[in-house]
Structures are given as C-alpha cells and as structure tokens.
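S.K.: Quick one: structure below, then a few questions.
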Amino acid sequence: MDSGAYGFFLGAAPGLSYIVGNMIQLQRVTAKAQEIARQNGELLDVHFSPSLRVDYLFRPGSFIRPDDGAGLRNAKELLLSVRRKMLIRHALGALMTVIGALIGVVIAIAIGSVV
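Okay, structure coming up:
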C-alpha cells in the first residue's frame with residue numbers, strides 16, 4: 070500500500086469514528102425507547118420494520134400513528150426528539166470523513182515527495 074492510501078485511511082478515521090459513536094448513541098436511545106414501550110406492554114421494533122425506519126428518517130410526521138398506544142407514543146416521541154441531532158451528527162461525520170481523507174492523501178503525498 071502506498072503512502073496516499075495510508076493518508077486516506079488515517080485522514081478518514083476521525084470522521085468514521087465520529088459516525089460510529091453517533092450510531093452507538095442512537096442505539097442506546099433506541100434501547101431506552103424499546104424499554105419504555107415494553108413497560109407499557111407494547112412492542113417497538115424499528116430494526117425489524119422497514120416502514121418504521123423509512124418513516125423515522127424521511128417522514129417523521131407519520132412516524133407516530135393514530136393507533137399507537139400511550140407507551141408506544143412516548144417511545145416514538147423519544148426517538149423523534151433525537152432525530153435532528155442524529156442526522157446533523159451523521160452529516161458532520163460524513164463531511165469530516167471526506168475532508169479528512171482528502172487532506173490525509175495530500176499530506177501523505179507531500180511528505181512522500183519530500184522524503
């Protein structure tokens with residue numbers, strides 16, 4: 070592997086780790102929301118239902134349905150409360166990844182040409 074590839078991966082690493090950290094944080098909130106629903110005798114399984122994931126990401130207004138019970142409604146409101154912050158952090162992580170990878174390649178090539 071040449072120096073440009075090393076620079077690419079080292080430059081992209083901070084952004085990717087930021088995205089992974091954001092995903093871990095979202096998973097913790099999802100587990101808490103599932104526990105809220107379970108305490109009220111309801112089931113919230115966003116990993117099993119593709120329609121729930123699509124509604125959460127692209128149609129947040131239809132994520133909470135009229136036939137949802139009180140516990141499920143509270144759980145979904147918790148998920149919606151972190152949605153905007155999660156999407157912003159994902160976008161920021163993607164931007165950090167792209168910029169870091171480019172800067173890493175440029176620095177690695179510059180160092181390689183000097184040495």
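In the working numbering, the protein residues as written are 70 to 184. For glycine and all other residues, C-beta sits at the position ideal for the given N, C-alpha and C. Note that the coordinates shown come from a computational prediction; the quantities given were computed from them, not determined experimentally.
For V151 and V115, which I take to be in contact (beta-carbon distance under 8 Å), what is that distance rounded to the nearest angstrom?
M.R.: Position 82 of the sequence shown, counting from 1, holds the residue named residue 151. Position 46 of the sequence shown, counting from 1, holds the residue named residue 115. Actually they do not touch by this definition, with Cβ atoms about 13 Å apart.
S.K.: Assuming G80 contacts G169 under a Cβ cut-off of 8 Å, what Cβ separation, rounded to an integer in Å, is found between them?
M.R.: Here the question's residue 80 lines up with position 11 in the sequence shown. Here the question's residue 169 lines up with position 100 in the sequence shown. Confirmed, about 4 Å.
S.K.: For S131, which three-state DSSP category applies?
M.R.: By 1-based counting over the sequence shown, the position of residue 131 is 62. It is helical.
S.K.: May I ask you to verify whether the region 78-95 touches the region 160-178, counting CB pairs closer than 8 Å and requiring at least 3?
M.R.: Contact between the region 78-95 and the region 160-178 is present, because at least three Cβ pairs lie under 8 Å.
S.K.: Less than 7 Å between C-beta atoms, sequence neighbours within five positions excluded: which residues of the same chain meet that for A106?
M.R.: Position 37 of the sequence shown holds residue 106. Excluding sequence neighbours, A106 sits near L112, L113, G140, L141, A144.
S.K.: For G110, does the three-state DSSP call read helix, strand or coil?
M.R.: Position 41 of the sequence shown, counting from 1, holds the residue named residue 110. In the structure shown, G110 sits in coil (DSSP, three-state: anything other than H, G, I, E or B).
S.K.: Give the straight-line distance between the Cα atoms of F127 and G181, rounded to the nearest whole angstrom.
M.R.: Here residue 127 refers to the residue found at position 58 of the sequence shown. Here residue 181 refers to the residue found at position 112 of the sequence shown. Roughly 45 Å separates the two Cα atoms.
S.K.: When we look at the beta-carbon of Q103 and count the other beta-carbons within 10 Å, is it buried (16 or more) or exposed?
M.R.: In the sequence shown, the residue the question calls residue 103 occupies position 34. Looking at its Cβ environment, which holds 16 or more other Cβ atoms inside 10 Å, Q103 is buried.
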